[in-house]
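Here the working numbering is used: the first residue of the sequence shown is 11, the next is one more, and so on. Each residue gets a CB set at the ideal place from its N, CA and C atoms; glycine is no exception. Beneath this line is the structure, given in structure tokens, with notes to follow.
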Amino acid sequence: IDIDFCFEKRDRVIEYIVNRYGADRVAQIITFGTMAARAAIRDVGRALDIPYSDVDQLAKMIPAELGVSIERALEISPELMQSYQNDTTARKIIDMARAVEGMPRHASIHAAGVVIGKEPLTSILPLQKTPEGNVVTQFTKETVEDIGLLKMDILGLRTLTVIDRALEIIEKTRGIKIDLENIPLDDSDVYELLSQGNTIGVFQLESDGLRRILREMKPTRFEDLIAVIALYRPGPLGSGI
Numbered sequence: 011i012d013i014d015f016c017f018e019k020r021d022r023v024i025e026y027i028v029n030r031y032g033a034d035r036v037a038q039i040i041t042f043g044t045m046a047a048r049a050a051i052r053d054v055g056r057a058l059d060i061p062y063s064d065v066d067q068l069a070k071m072i073p074a075e076l077g078v079s080i081e082r083a084l085e086i087s088p089e090l091m092q093s094y095q096n097d098t099t100a101r102k103i104i105d106m107a108r109a110v111e112g113m114p115r116h117a118s119i120h121a122a123g124v125v126i127g128k129e130p131l132t133s134i135l136p137l138q139k140t141p142e143g144n145v146v147t148q149f150t151k152e153t154v155e156d157i158g159l160l161k162m163d164i165l166g167l168r169t170l171t172v173i174d175r176a177l178e179i180i181e182k183t184r185g186i187k188i189d190l191e192n193i194p195l196d197d198s199d200v201y202e203l204l205s206q207g208n209t210i211g212v213f214q215l216e217s218d219g220l221r222r223i224l225r226e227m228k229p230t231r232f233e234d235l236i237a238v239i240a241l242y243r244p245g246p247l248g249s250g251i
């Protein structure tokens, strides 16, 4: 179950769920931030009491590529490989960093996940409280689902907050009350703006890639927008699938 709510009102939704099902049967879900390549090198350097400037210089040899591992960095960065081969301190840091890379570094609350149990959750899985007093599972969302608990994604979406604010301002300044359920889907002026790529601030349509596609495609009906949002997936496209 995945539902989006106004960002500013997400806490109220969770409060309703707690009141409806019971505080002992509802919890948010923990998530672990793992040690990335640069962070692993910096943490190891700090633990070994090596001057920060030296460690930082070594960490910056890791290419700024999303998700790049130390192993991969050694393959594609001649500078890093040279330091590894010729500098015993650098080799020690890198070898130790490889050992801790990918390990959990910190815990936080999942941006959306909320779990609901048929019985008190303490009889099913371990819980803990955050410094702010929020009850969270000690299992990640994958484990929570594996043991058969109901996981709901209650996401606070800033776009809905912006829309809510816009409706309030329009009604206050123009005296016009807009009904979102009855907005015409065949407004030619809207499709003209979309065809020009003027979509900054429009949810799911504001990336450079989608604006380019809109200019090329020149949508004229709502079904065109459904298709372009469904088909444009940068991740799979970039992987060559």
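Practice prompt. Inspect the beta-carbon positions of residue 159 and residue 35 and report whether they are closer than 8 Å.
Written response: Cβ atoms of residue 159 and residue 35: not closer than 8 Å.
Practice prompt. Could you tell me the distance, in whole angstroms, from the CA atom of residue 221 to the CA atom of residue 98?
Written response: Cα to Cα, residue 221 sits roughly 49 Å from residue 98.
Worksheet item: So, residue 188 versus residue 180, is the Cβ gap smaller than 8 Å?
Response: Contact: yes.
Fill in: Contacting residues, own chain, Cβ-Cβ under 6 Å from residue 215 (five flanking each side not counted)
Correct list, in chain order: 209.
Worksheet item: How should residue 147 be labelled, buried or exposed, when 16 other C-beta atoms within 10 angstroms of its C-beta is the threshold for buried?
Response: Of the residues assessed, residue 147 falls on the buried side of the cut-off, its CB having 16 or more other CB atoms within 10 angstroms.
Fill in: Local Cβ density within 10 Å of residue 62, reported as buried at 16 or more and exposed below that
When all chains shown are included, residue 62 counts as exposed.
Item to complete: Compute the distance between the beta-carbons of residue 60 and residue 124, then report whether it is under 8 Å.
Response: It is not a contact, given that the beta carbons lie outside the stated cut-off.
Worksheet entry | 3 or more residues per run - each beta strand (DSSP E) lying fully within the region 88-167 | Taking only runs of at least 3 residues, the beta strand (DSSP E) segments lying wholly in the region 88-167 are 114-126, 137-139, 145-147 and 160-167.
Practice prompt. May I have the straight-line CA-CA distance separating residue 12 from residue 77, to the nearest angstrom?
Written response: Taking the straight line from one Cα to the other gives about 26 Å.
Practice prompt. Count the C-beta pairs between the region 29-44 and the region 136-146 that are closer than 8 Å, then say yes if the count reaches three, no if not.
Written response: Put simply, the region 29-44 touches the region 136-146. At least three CB pairs are less than 8 Å apart.
Worksheet item: On the three-state DSSP scale, how would you describe residue 54?
Response: Helix.
Worksheet item: Going by other Cβ atoms of all chains shown within 10 Å of its Cβ, with 16 needed for buried, is residue 52 buried or exposed?
Response: A buried status is given to residue 52, since no fewer than 16 other beta-carbon atoms sit within 10 Å of its beta-carbon.
Worksheet item: What is the DSSP secondary structure of residue 65, reduced to helix, strand or coil?
Response: Here residue 65 sits in helix by DSSP.
Worksheet item: Terminal residues of the continuous alpha helix (DSSP H) containing residue 32?
Response: Boundaries for residue 32: no alpha helix (DSSP H) harbours it, and the DSSP string shows neither H nor E there.
Discussion item. Residues in the same chain with beta-carbon distance under 7 Å from residue 253, minus the five sequence neighbours each way, listed in chain order, please.
Written reply: Since the first and last residues shown for the chain are 11 and 251, residue 253 lies out of range.
Worksheet entry | Buried/exposed call for residue 201, threshold 16 Cβ in 10 Å | Here residue 201 is buried: its Cβ has 16 or more other Cβ atoms, across all protein chains shown, within 10 Å.
Worksheet item: Where DSSP assigns a beta bridge to residue 38, which residues make up the other side?
Response: Residue 38 is bridged to 124 and 146.
Fill in: residue 219 beta carbon less than 8 Å from that of residue 244
In contact: residue 244 and residue 219 (Cβ atoms closer than 8 Å).
Fill in: Pairwise C-alpha distance: residue 58 and residue 176
Going by the C-alpha atoms only, they are around 53 Å apart.
Item to complete: Taking only the alpha-carbon atoms, compute the straight-line gap between residue 20 and residue 141 and give it to the nearest angstrom.
Response: Taking the Cα positions, residue 20 is about 19 Å away from residue 141.
Worksheet entry | Pick from 75, 103, 85 and 86 that is closest to residue 67, judged by C-alpha positions | From the listed residues 75, 103, 85 and 86, the smallest Cα separation to residue 67 is found for 103.
Worksheet item: Applying the criterion that 16 or more other CB atoms from any shown protein chain within 10 Å of the CB defines a buried residue, is residue 232 buried or exposed?
Response: Exposed is the label assigned to residue 232, since fewer than 16 other Cβ atoms lie within 10 Å of its Cβ.
Worksheet item: Roughly how far, in whole angstroms, is the beta-carbon of residue 90 from the beta-carbon of residue 71, given that I think they are within contact range, below 8 Å?
Response: Under the criterion of beta carbons closer than 8 Å, residue 90 and residue 71 qualify as touching, at roughly 4 Å.
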